[in-house]
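Number of protein chains: 2
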Amino acid sequence: MSNIEKTVLALDAHGGDQGLAVSVPAALAALKAEPGLEICLVGKEGELEKALSSSGSMHQDRLHIHHAATELAMDAKPADVLRRGRESSMWKAFERVASGRASACVSCGNTSAMMVTGVKLLGTLPGIQRPALMAYAPSLGGQTGLLDLGANLEVRAEQLVQFAVMGSVTARQADGLTSPRVGLLNVGHEDSKGHAIVREAQAMLQDLPLNYTGFIEGHDIFAGTVDIAVCDGFTGNLVLKSAEGLARMFLTEVRGALESNLLSRMGGWLAAPALRRMVARFDPAAHNGAPLLGLNGVAVKSHGGADVPGLTRAILEAGREAQRQVPRRIEASIHEYQLETT
Amino acid sequence: MSNIEKTVLALDAHGGDQGLAVSVPAALAALKAEPGLEICLVGKEGELEKALSSSGSMHQDRLHIHHAATELAMDAKPADVLRRGRESSMWKAFERVASGRASACVSCGNTSAMMVTGVKLLGTLPGIQRPALMAYAPSLGGQTGLLDLGANLEVRAEQLVQFAVMGSVTARQADGLTSPRVGLLNVGHEDSKGHAIVREAQAMLQDLPLNYTGFIEGHDIFAGTVDIAVCDGFTGNLVLKSAEGLARMFLTEVRGALESNLLSRMGGWLAAPALRRMVARFDPAAHNGAPLLGLNGVAVKSHGGADVPGLTRAILEAGREAQRQVPRRIEASIHEYQLETT
Numbered sequence: 002m003s004n005i006e007k008t009v010l011a012l013d014a015h016g017g018d019q020g021l022a023v024s025v026p027a028a029l030a031a032l033k034a035e036p037g038l039e040i041c042l043v044g045k046e047g048e049l050e051k052a053l054s055s056s057g058s059m060h061q062d063r064l065h066i067h068h069a070a071t072e073l074a075m076d077a078k079p080a081d082v083l084r085r086g087r088e089s090s091m092w093k094a095f096e097r098v099a100s101g102r103a104s105a106c107v108s109c110g111n112t113s114a115m116m117v118t119g120v121k122l123l124g125t126l127p128g129i130q131r132p133a134l135m136a137y138a139p140s141l142g143g144q145t146g147l148l149d150l151g152a153n154l155e156v157r158a159e160q161l162v163q164f165a166v167m168g169s170v171t172a173r174q175a176d177g178l179t180s181p182r183v184g185l186l187n188v189g190h191e192d193s194k195g196h197a198i199v200r201e202a203q204a205m206l207q208d209l210p211l212n213y214t215g216f217i218e219g220h221d222i223f224a225g226t227v228d229i230a231v232c233d234g235f236t237g238n239l240v241l242k243s244a245e246g247l248a249r250m251f252l253t254e255v256r257g258a259l260e261s262n263l264l265s266r267m268g269g270w271l272a273a274p275a276l277r278r279m280v281a282r283f284d285p286a287a288h289n290g291a292p293l294l295g296l297n298g299v300a301v302k303s304h305g306g307a308d309v310p311g312l313t314r315a316i317l318e319a320g321r322e323a324q325r326q327v328p329r330r331i332e333a334s335i336h337e338y339q340l341e342t343t
Numbered sequence: 002m003s004n005i006e007k008t009v010l011a012l013d014a015h016g017g018d019q020g021l022a023v024s025v026p027a028a029l030a031a032l033k034a035e036p037g038l039e040i041c042l043v044g045k046e047g048e049l050e051k052a053l054s055s056s057g058s059m060h061q062d063r064l065h066i067h068h069a070a071t072e073l074a075m076d077a078k079p080a081d082v083l084r085r086g087r088e089s090s091m092w093k094a095f096e097r098v099a100s101g102r103a104s105a106c107v108s109c110g111n112t113s114a115m116m117v118t119g120v121k122l123l124g125t126l127p128g129i130q131r132p133a134l135m136a137y138a139p140s141l142g143g144q145t146g147l148l149d150l151g152a153n154l155e156v157r158a159e160q161l162v163q164f165a166v167m168g169s170v171t172a173r174q175a176d177g178l179t180s181p182r183v184g185l186l187n188v189g190h191e192d193s194k195g196h197a198i199v200r201e202a203q204a205m206l207q208d209l210p211l212n213y214t215g216f217i218e219g220h221d222i223f224a225g226t227v228d229i230a231v232c233d234g235f236t237g238n239l240v241l242k243s244a245e246g247l248a249r250m251f252l253t254e255v256r257g258a259l260e261s262n263l264l265s266r267m268g269g270w271l272a273a274p275a276l277r278r279m280v281a282r283f284d285p286a287a288h289n290g291a292p293l294l295g296l297n298g299v300a301v302k303s304h305g306g307a308d309v310p311g312l313t314r315a316i317l318e319a320g321r322e323a324q325r326q327v328p329r330r331i332e333a334s335i336h337e338y339q340l341e342t343t
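Chains as they are written, first to last, in our numbering: chain A, 2 to 343; chain B, 2 to 343.
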């Protein structure tokens, strides 16, 4: 990655299935990879000090600890977060961003807890009712941004439109595309296909100054026909996780096929460098780290089950998003689309 | 495949993007592969006779023509089908099944047209409000049946329950599993996850004599943790088509990687037999042919864009479904589940 200027990130050290066992080594790996980063580990002070001293590692001059007395359960509900979550490591990490002491926060905690905490502490941008999770999937042409990935299980048509605008602005401003192609996921390309919400959203999208290409189908995500694919969070979550499951299964089976006999082992050995490049593109961990677009601040969600390389990738992604000031760029462009403010 | 007893299938010859150019050679290929099959090509008599005479092929003693004056447009809406579709090749193919002159019908036409025609001419089984499309995806353990794939874009909780029962009965009776594991697709495994409809469906499923394993996530489809994965048709369609798109992209990139230089070409050549077995499992065309479960008769939907091998596969699948009398088996088992009759 290109080096980034000095950027402070707040990392929810207790989020995720494995807590400090993953978050501490991932923070150290990110500091090693990116000299411009400074990380504030947010969590129980005693446990963090112990984990850091036993790691005995370098780069600790750019690593700080910010105490949080509690941690959220992985199945914490939004109401629990608001009622009892204010001393949690996730809440305290978002507070660092809200107060300006960090440029971005990262958590492996659950999506709905991040949504409620983010909306409460950072607020949403003007014209955006609900933030959306966005991530990139590999495609034949390069990559496709997919949103929402689970922050909004049920959506109204105007929310799909807001997701389309945020995706387009992100692809334009942050990824450097001049006119990102935006599609709305549906069960067919024809105007008559789909339920009322997607048809209503399509009618609204056709009136906006977006490069809206119309309804797309599931296979278009990977065919490279659009740069941004929009859907509700229930569908997006299932599409993303099933694609990740299929990719993992595929990689397992390619390895199995190449080890099945002596000839295929020799073949696999000869083809290994070429295959490795391909495998890297499909490895779900290489795509970990999804921003909650629409918040007035940068917050990146990592998979709850992320391993050290996966969380490291999400931390570095948060550094890039902070550097590019994605929320400011969305805010600056969103008036072009004349979305109604809530 | 194992040989099946004499079975007559009705094939909608005009359905699909390529009409007779695919349906006629696919019918001939299916007859060649399966000596027990007899196929009634339903479509415009003159065009069919011309296509058959120019094919100059074998097996024509088991191939008949049944005239239909019109064909449905690929974007025909349900209301159009009922109003103007009664002379169409799809309608006439379903009529062959309704009258008992064919044991199953196959069409590449659109899903909603097949739904309305099937419900009108064949009716639904007792206890089933709406039929559902089901297909198998490859998994690490073998395969996973996924339904609904687009016949019902919006569902109520009791319809998800009916899909679960139909999937379970099919896996038990037709696929020979003694206690198929059934999961309900959701954005997380925890009871608190998801919207009201999936939570309500889960409560109802837990009370039924099914091997219901609870909520599953997208990656579980391919991990082999369940035999049947249930969801609404909007989500299922997007999950299936995105998985097909990813599989196609993966196969393209594996081929590209193995041809990228001399060493990898040699490697690919040595590993070819092992890789070919793997590729066959992932090729979407190898999984073409989804039954509309819940109809009082066998109807199999093929992809609209299926090529000759793909449609051949769907025709052979219809032959197997007819032979196993899947609707009769669902009907015979469904009383165990005490679903309310509409």
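C-beta: ideal position from N, C-alpha, C; glycine also.
From residue i to residue j, what distance separates their C-alpha atoms?
i: B/Leu-161; j: B/Pro-181; result: 16 angstroms
i: B/Arg-200; j: A/Ala-165; result: 29 angstroms
i: B/Ile-335; j: A/Lys-121; result: 49 angstroms
i: A/Thr-125; j: A/Gln-324; result: 19 angstroms
i: A/Cys-232; j: B/Ala-172; result: 31 angstroms
i: A/Phe-235; j: B/Cys-106; result: 34 angstroms
i: A/Gly-195; j: B/Ala-77; result: 13 angstroms
i: B/Ala-244; j: A/Leu-247; result: 7 angstroms
i: B/Lys-302; j: A/Val-183; result: 30 angstroms
i: A/Gly-269; j: A/Val-240; result: 30 angstroms
i: B/Gly-119; j: B/Phe-95; result: 7 angstroms
i: A/Thr-226; j: B/Ala-197; result: 34 angstroms
i: A/Leu-12; j: A/Ser-108; result: 6 angstroms
i: B/Ala-230; j: B/Gly-237; result: 9 angstroms
i: B/Glu-48; j: B/Ile-66; result: 10 angstroms
i: A/Thr-112; j: A/Glu-155; result: 14 angstroms
i: B/Asn-187; j: B/Pro-79; result: 30 angstroms
i: A/Pro-310; j: A/His-304; result: 12 angstroms
i: B/Thr-179; j: B/Asp-228; result: 11 angstroms
i: B/Leu-83; j: A/Ala-138; result: 41 angstroms
On a CA-only basis, which of the options is nearest residue i? Give me that one, please.
i: B/Ala-258; options: A/Glu-245, A/Leu-276, A/Met-250 and A/His-67; result: A/Leu-276
i: B/Ser-54; options: B/Val-25, B/Gln-130, B/Met-75 and B/Leu-211; result: B/Val-25
i: A/Gly-142; options: A/Ala-69, A/Gly-57, A/Ala-224 and A/Ala-197; result: A/Ala-224
i: A/Gly-168; options: A/Leu-206, A/Glu-254, A/Gly-219 and A/Leu-73; result: A/Leu-206
i: B/Lys-93; options: B/Asp-81, B/Ala-70 and B/Pro-285; result: B/Ala-70
i: B/Ile-217; options: B/Ala-287, B/Asp-192 and B/Asn-297; result: B/Asp-192
i: A/Arg-97; options: A/Glu-72, A/His-68 and A/Ala-34; result: A/His-68
i: B/Ile-222; options: B/Pro-79, B/Glu-260 and B/Leu-148; result: B/Leu-148
i: A/Leu-296; options: A/Asn-153, A/Ala-133, A/Ala-28 and A/Pro-310; result: A/Ala-133
With a Cβ-Cβ cutoff of 8 angstroms, do residue i and residue j count as a contact?
i: B/Gly-290; j: B/Glu-332; result: no
i: B/Met-116; j: B/Leu-294; result: no
i: B/Gly-37; j: B/Glu-88; result: no
i: A/Gln-130; j: A/Gln-163; result: yes
i: B/Gly-110; j: B/Gly-17; result: yes
i: A/Ser-265; j: B/Ala-300; result: no
i: A/Ser-90; j: A/Glu-72; result: yes
Are there 16 or more other CB atoms within 10 angstroms of the CB of residue i, so buried, or fewer, so exposed?
i: A/Ser-100; result: exposed
i: B/Leu-62; result: It should be pointed out that residue 62 of chain B corresponds to Asp in this sequence rather than to Leu. Exposed is the call here.
i: B/Ala-281; result: exposed
i: B/Lys-45; result: buried
i: A/Gly-128; result: buried
i: A/Arg-314; result: buried
i: A/Glu-322; result: buried
i: B/Asp-208; result: exposed
i: B/Glu-337; result: exposed
Residue i by DSSP, collapsed to three states: which one?
i: B/Lys-302; result: strand
i: A/Val-98; result: helix
i: B/Gly-143; result: coil
i: B/Asn-153; result: coil
i: A/Val-23; result: helix
i: B/Pro-127; result: coil
i: B/His-67; result: strand
i: A/Ser-3; result: Confidence at A/Ser-3 is low in this model, with a pLDDT of 48, below 50, so the placement of that residue is unreliable and no value is reported for it.
i: A/Thr-342; result: With a pLDDT of only 47 at A/Thr-342, under the threshold of 50, the placement of this residue in the model should not be trusted; the figure read from the coordinates follows. Coil, per DSSP.
Determine whether the Cβ of residue i lies closer than 8 angstroms to any Cβ atom of chain C.
i: B/Thr-236; result: Chain labels in this structure do not include chain C; the protein chains are A and B.
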